[in-house]
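These notes are about the structure you will find just below.
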Amino acid sequence: MLRKTIKNIALLDLQNFTAEALREIKKIESCAMLLIPKNASDEWKNAYAKITIRNVASIIEVSYSKYSVLNGMVTLNDKNVSDDCLYIVNGIVILETVEKIPDLCVNGLLLKRKKSRYEMTRMNGRSVEVEDNVVIKPYPNTIEIDGDTVRSFDYNTLVAAGNNVDIDNNVTEQMLSDKKITFAAGNEVKCGKSILGYVKVNSTVGNKITEKNE
């Protein structure tokens with residue numbers, strides 16, 4: 002029997018493969034993520050063990066067949082999640098569940114409400130707990146913040162950007178501290194030297210905090 006090679010696939014789901022189907026696979030390589038059943042039969046495991054696996058970033062055992070891949074900035078709450086699904090998020094996830102307990106695989110940044118519960122299958126990045134009374138202002142890409150923007154924010158606001166937060170040089174530390182503004186960015190936060198100390202203490206970033214020329 003001629004066995005095949007599977008390669009260059011972002012996500013390969015083997016959960017519905019039978020043991021017979023696995024025996025037809027010689028090699029799996031260059032895949033970002035591989036999903037396999039957690040409660041597989043011995044026959045399935047034996048067939049899987051004979052496959053050569055190379056350059057696969059993540060192999061995840063899943064307890065159920067459903068999964069959802071989400072990219073960018075995502076808000077998960079009781080209305081849009083279920084307890085029988087794995088949520089694979091590449092980017093920033095704002096978790097606001099109360100009753101539901103989603104299973105998460107996060108590549109990026111998790112902003113979790115203090116009251117929220119979850120199962121974490123895989124975390125590749127950072128997790129931050131957010132108090133329930135904090136106002137989260139999500140921006141999918143980049144947000145430019147000047148003095149008028151700060152004044153428009155509610156007290157105790159977390160500014161969350163999928164890419165960058167760019168703070169204008171007319172924004173002062175007093176303005177930010179009076180409103181108790183904090184930041185989260187998938188990439189970086191850019192600000193002037195005069196507020197750099199405040200921003201460093203009150204920011205979570207995927208990449209870096211950059212000082213701008215004033």
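For reference, each letter of the sequence shown is one residue, going 2 to 215 in this note's numbering. In this text, a Cβ means the ideal position worked out from N, Cα and C, and glycines have one as well.
Counted within 10 angstroms of its Cβ, other Cβ atoms place residue 161 as buried (16 or more) or exposed: buried
Inter-residue Cα distance where the pair is residue 43 and residue 51: 13 angstroms
For residue 8, the residue or residues it bridges with in DSSP: 30
Residue 168 versus 146, 177, 153 and 155, residue with shortest Cα-Cα distance: 146
Length of the line joining the Cα atoms of residue 45 and residue 37: 10 angstroms
Cβ-based neighbour list, residue 184, same chain, cut-off 6 angstroms, excluding 5 preceding and 5 following: 160, 166, 190 and 204
Unbroken stretches of the alpha helix (DSSP H), 4 residues or longer, contained in the region 118-169: 148-153
Which listed residue (54, 34 and 66) has its alpha carbon closest to that of residue 40: 66
Supposed contact pair residue 71 and residue 88 - C-beta distance, whole angstroms, cut 8 angstroms: 6 angstroms
Helix, strand or coil at residue 17 according to DSSP, with G and I counted as helix: coil
Whole-Å CB distance - residue 23 paired with residue 49, under 8 angstroms assumed: 6 angstroms
Residue 57 and residue 32 closer than 8 angstroms at C-beta: yes
Proximity below 8 angstroms, CB of residue 163 to CB of residue 140: yes
Of the residues 187, 61, 103 and 178, the one placed nearest residue 208, counting alpha carbons only: 187
Chain-order list of residues whose beta-carbon lies under 8 angstroms from that of residue 55 (same chain, five-residue window excluded): 28, 29, 30 and 31
Within 8 angstroms, strictly: CB atoms of residue 157 and residue 138: no
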